[in-house]
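>
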Amino acid sequence: MNNLQTLKTKIETISNNYKEETTGGFITGDGPIPSDIMFVGEAPGKSEVESGKPFVGVAGKNFEKYLNSIDIERKNIRITNTCFFRPIKIKTSKTGKTTISNRPPKISEVNLFKEILDEEISLTKPKIIITLGNVPLKRLTTFKAIGECHGTSIHSDEFNCTIFPMYHPSSLTYNRNDDFKKMYEEDWLKLKDTLQKVL
Ligand code: URA
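Quick note: the sequence shown uses the working numbering, first residue 1434, plus one each step.
(1) Measure the CB-CB distance between I1579 and I1587 and report whether it falls below 8 angstroms.
(2) Would you identify the three-state DSSP class for I1510, choosing helix, strand or coil?
(3) Would you kindly work out how many angstroms separate the C-alpha atoms of G1566 and G1529, rounded to a whole number?
(4) Quick one: does the C-beta of F1488 sit closer than 7 angstroms to a heavy atom of the ligand URA?
(5) Below 8 angstroms, can you find three or more Cβ-Cβ pairs linking the stretch 1515-1528 to the stretch 1476-1483?
(6) Quick check on I1533: does DSSP put it in helix, strand or coil?
(7) Pair every Cβ in the stretch 1486-1495 with every Cβ in the stretch 1444-1459, then say whether three or more of these pairs are closer than 8 angstroms.
(8) Taking Cβ positions, are A1476 and T1515 nearer each other than 8 angstroms?
(9) Only counting runs of 4 or more residues, tell me where the alpha helix (DSSP H) segments fall wholly within the stretch 1576-1602, in order along the chain.
(10) Roughly how many angstroms lie between the CA atoms of S1468 and T1525, to the nearest whole one?
(11) Counting Cβ pairs closer than 8 angstroms, one from the stretch 1455-1475 and one from the stretch 1495-1514, do we hit at least three?
(12) Between the C-alpha atoms of T1456 and M1616, what's the straight-line distance to the nearest angstrom?
(13) Which residues in the same chain as E1545 place their Cβ atom closer than 8 angstroms to its Cβ, once the five residues preceding and following it in sequence are excluded?
(14) Classify E1548 as buried or exposed, calling it buried when 16 or more other Cβ atoms lie within 10 Å of its own Cβ.
(15) How is the beta strand (DSSP E) around I1561 delimited, first residue to last?
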């Protein structure tokens, strides 16, 4: 079995053995290995589980648009998540209608996949890891919140590469104001500059 197949089997075993909450299926990372550039998101949603790939839903479309705007093609980079199953919450209304929605992964759920993400990073050998949102930020750095560090680069001794924290692409949906969008777009330009230095 090759390394990626082993990772997939481990993700499947961890997801299937997890009984504390109902989850909505799992996925693996996507893209070339090794790769100089690696993006790490939070956890997959419904569209990702359906297609088996990270960042293909609404947030993913936004993400790819900005990626292309700085001349990066998705097929040339590694994209993965911090939690590999879809964390869900199930609600039943008074009329008996059941709805399933995404929720952020709990710390214990992120920790289930600590070894998997570490292994994926070590196989990918990135020169830069871009964290998307608070979940991968807290997992891979000592920062406590994306607001204090987005758009800046730091060196990680642990992963032996640059880490560049960014807001999660879905934050554009929650922060529909021009100032936030401007700041978000400036972070992509800062990333473009950083890539020129790092690669
Ligand atoms: N959001 C994430 O953080 N990861 C995905 O794969 C999709 C949406």
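Glycine residues also receive a C-beta, built at the ideal position from the N, C-alpha and C atoms.
These numbers were taken from a predicted model, which means no experiment stands behind them.
Well, looking at it:
(1) no
(2) I1510: coil per DSSP, three-state reduction.
(3) 34 angstroms
(4) Correct: F1488 has its Cβ closer than 7 angstroms to the ligand URA.
(5) yes
(6) strand
(7) no
(8) Yes; because the gap between Cβ atoms is below 8 angstroms, this pair is in contact.
(9) The DSSP assignment places no complete run of the alpha helix (DSSP H) inside the stretch 1576-1602 (cut-off: 4 residues).
(10) 43 angstroms
(11) yes
(12) 34 angstroms
(13) As written in the sequence, residue 1545 is Leu, which differs from the Glu given in the question. Around L1545: I1447, Y1451, C1516.
(14) exposed
(15) 1561-1565
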